[in-house]
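These protein sequence lines are chains X and L, in that order. Each residue of the first sequence is one higher than the one before, counting from 0 in my numbering. Each residue of the second sequence is one higher than the one before, counting from 0 in my numbering. No residue lacks a Cβ here, since even glycine has one placed at the ideal position from N, Cα and C. I have placed the structure first, in the form of structure tokens, so that the comments after it can refer back to it.
There are 2 protein chains.
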Amino acid sequence: MADSDPEQTVERKRGSGVKLVYDLLRDEILDLKLAPGSAIDEVALAARFGMSRTPIREALVRLVGEGLIETLPNRSTMVSNIDFLGMHAYFDALVLMYRVTTRLAAQNHRADDLVEIRAHQAAFSAAVRSQDALAMIATNAAFHSAIAASGRNAYYAGFFDRLLGEGRRMLRLYYQSYEDRLPPRFVDEHEEIIAAIEARDVAAADRLGTAHGEQIVEQIGRLLTQHERQDIEL
Amino acid sequence: MADSDPEQTVERKRGSGVKLVYDLLRDEILDLKLAPGSAIDEVALAARFGMSRTPIREALVRLVGEGLIETLPNRSTMVSNIDFLGMHAYFDALVLMYRVTTRLAAQNHRADDLVEIRAHQAAFSAAVRSQDALAMIATNAAFHSAIAASGRNAYYAGFFDRLLGEGRRMLRLYYQSYEDRLPPRFVDEHEEIIAAIEARDVAAADRLGTAHGEQIVEQIGRLLTQHERQDIEL
DNA sequence: TGTATTTTTTTTGTCGACAAGAAAATCAGA
DNA sequence: TCTGATTTTCTTGTCGACAAAAAAAATACA
């Protein structure tokens, strides 16, 4: 491990340290640069970022709150393992949130929400064209997160964001299943969703959001040996 | 303010301090013993609990993560205000979670889950009989939380628990609206829900969970001047 | 050689102290 | 008396150091 990586030896603004560490660590975990189960050393991080253990610790506490890292009392701090057993539960929740947030967006969105949503869709489309799986995950999440925000329900939006974040690692598996073959269908589906939202067609948004989410479940279902779906029939 | 309240001057086990402070502070916030908007003083807490600011700080960071307290950079830490504007959003989410968790419980519960659920129901029934609003809120939350847990979806259960916690302050308003008149109807509805779960009648559980939740919305709707409901039609 | 016990090492949890930022208080000048 | 600058105060953010807990290593003994 190269400790010739001072990262940031410059003067930082008071209070910016925790956010710096938190953001970077979170990204490294979600992008699997830090493997699930790998140990986290506070002093190493402190040295790496050129700061005391205190702000490092605060960042870690926050990450624990999000379930991204786990701590055994007095012993070891490690990156949380991916819960493959709870995978179907995860995708159940994800599909429902896809659906609910899309639906609410059709009801409550404002005009300027659409320009932001379209911007994210453009970024997603670009990621698909360039076959960049990591970028696809990120931009897809941003797209749906923007839709959720336009639905004006902070509780759904917060839960959804959390799911998208926590699932970034699982979603890699999903995107890997497409390997080199790109799914341009998703780009089209996003366009349909945007149209339904703009037309304030709640029923269509509901249907499209559900279908969009269920595609993921089906694809994952092909990956997992057995897979119990639980539909919320509408 | 009486600083003749050493609370705990005894030797504590290493690592137990944060949990102590976290639990107590959380309860005090949710029970409105600490008023929304009131300031939180780290040094005062440190003195009160007879410990350094470090563990206090960690507990506060955790509470910030749950949205129960807010911090202005470099200045003041305070109990979060209740978001009355987002109230309809809150109850929308709550109703949906009532429904989804009850439904899943009917599908996935195990035999021993029922004894725990029934125990919580007994406690709730007792709280209703003794007209203890605070106990009613707590036992009702525990009842539904147990149902959610028996549904075997950690994501829904976690989100639901968070809603129940965050809403404990709002729910007070709801229970206050019944003032002295007790709602024994809720006890009966709980019984029906238990029966539906035990019979694994998913449709009935779905219907009962929804209806149970919507009662709250209607009651709150009588309290709020205007109130936009958004149904997820089934 | 294998096992129980002691010692060392490693990592976390806690502490007291200090510095930075921002608000409150004080002061100066008209 | 009012207004703007300056000082003080108060709270937070960060630091380095130390103690406790647990694992790892070393040792003793059969």
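Item                                                                                                                                                                               : Value
For arginine 11 of chain L, tell me which candidate among L:Val42, L:Met50, L:Glu41, L:Gly36 has the shortest Cα-Cα distance.                                                      : L:Met50
List in chain order: all unbroken beta strand (DSSP E) runs of 3+ residues lying wholly within the region 117-191 of chain L.                                                      : none
Check whether the region 66-84 of chain L and the region 141-152 of chain X touch, using three or more Cβ-Cβ pairs below 8 Å as the test.                                          : no
What does proline 72 of chain L touch in chain X if you count any residue whose Cβ is under 9 Å from its own?                                                                      : Arg13, Gly14
For the beta strand (DSSP E) that glutamate 69 of chain L lies in, which residues bound it at each end?                                                                            : 68-71
Buried or exposed for glycine 166 of chain X, going by 16 or more other Cβ atoms inside 10 Å?                                                                                      : buried
Whose C-beta lies closer than 6 Å to the C-beta of aspartate 82 of chain X among residues of the same chain, with five residues either side of it excluded?                        : none
Only counting the same chain, and skipping five residues up and downstream in sequence, which positions put a Cβ closer than 6 Å to that of arginine 128 of chain L?               : none
Step through the CB atoms of chain X and report whether any lies within less than 8 Å of the CB of leucine 207 of chain L.                                                         : no
Which residue marks the beginning of the beta strand (DSSP E) containing arginine 74 of chain X, and which one marks its end?                                                      : 74-78
Per the DSSP calculation, isoleucine 39 of chain L is bridged to which residue(s)?                                                                                                 : L:Thr76
Determine whether the Cβ of arginine 151 of chain L lies closer than 8 Å to any Cβ atom of chain X.                                                                                : yes
Using the Cα positions of leucine 23 of chain L and glycine 85 of chain X, report the straight-line distance between them to the nearest angstrom.                                 : 31 Å
Within its chain, find whatever has a CB closer than 8 Å to the CB of glycine 208 of chain L; leave out the 5 residues flanking it on each side and keep chain order.              : Tyr97, Arg98, Val99, Thr100, Thr101, Arg102, Ile192
Counting only Cβ pairs nearer than 9 Å, list the residues of chain X close to leucine 95 of chain L.                                                                               : Leu95, Val99, Tyr155
Who are the Cβ neighbours of leucine 236 of chain L in its own chain at under 8 Å, not counting the five residues just before and after it?                                        : One cannot answer for residue 236 of chain L here, as it falls past the ends of chain L, which runs 0 to 233.
Using alpha carbons as the reference points, say which of X:Glu57, X:Leu44, X:Asp91 lies closest to glycine 14 of chain X.                                                         : X:Glu57
Within 10 Å of its beta-carbon, does glycine 36 of chain X have 16 or more other beta-carbons around it, so buried, or fewer, so exposed?                                          : exposed
Give the secondary structure of arginine 13 of chain X by DSSP, where H, G and I count as helix, E and B as strand, and everything else as coil.                                   : coil
Between glutamine 218 of chain L and phenylalanine 158 of chain X, what straight-line distance do the alpha-carbon atoms span, to the nearest angstrom?                            : 25 Å
Under the rule that 16 or more other beta-carbon atoms within 10 Å means buried, what is aspartate 26 of chain L, buried or exposed?                                               : exposed
By alpha-carbon positions, which one of X:Gly150, X:Phe90, X:Leu93, X:His87 ends up nearest to alanine 110 of chain X?                                                             : X:Gly150
Looking only at its chain, what residues have a beta carbon closer than 6 Å to the beta carbon of glutamate 188 of chain X, apart from the 5 residues adjacent to it on each side? : His211
Starting from the beta carbon of leucine 162 of chain X, find every residue of chain L whose beta carbon is closer than 8 Å, and list them in chain order.                         : Tyr154
Between which residues of its own chain and alanine 204 of chain L is the CB-CB distance below 8 Å, once the five residues before and five after are set aside?                    : Thr101, Arg102, Ala104, Ala105, Ile192, Ala195, Ile196
Could you give the DSSP three-state label for isoleucine 219 of chain L: helix, strand or coil?                                                                                    : helix
My guess is that alanine 92 of chain X and leucine 162 of chain X are in contact by the Cβ rule of under 8 Å, so how many angstroms apart are they, rounded?                       : 6 Å
For tyrosine 21 of chain X versus leucine 62 of chain X, is the C-beta spacing smaller than 8 Å?                                                                                   : yes
Do the CB positions of arginine 52 of chain L and alanine 43 of chain L come within less than 8 Å of each other?                                                                   : no
Comparing C-alpha positions only, which one of X:Arg206, X:Gln214, X:Ala198 sits nearest to arginine 184 of chain X?                                                               : X:Gln214
Determine the DSSP secondary structure at lysine 18 of chain L, reduced to helix, strand or coil.                                                                                  : helix
What's the call for arginine 199 of chain X, buried or exposed, on a 16-neighbour Cβ count within 10 Å?                                                                            : exposed
Quick one: Cα of alanine 134 of chain L to Cα of glutamine 120 of chain L, how far?                                                                                                : 12 Å
In whole angstroms, what is the alpha-carbon distance linking glycine 64 of chain X and glutamine 130 of chain X?                                                                  : 33 Å
Taking just the CA atoms, how far does alanine 156 of chain X sit from asparagine 107 of chain X?                                                                                  : 13 Å
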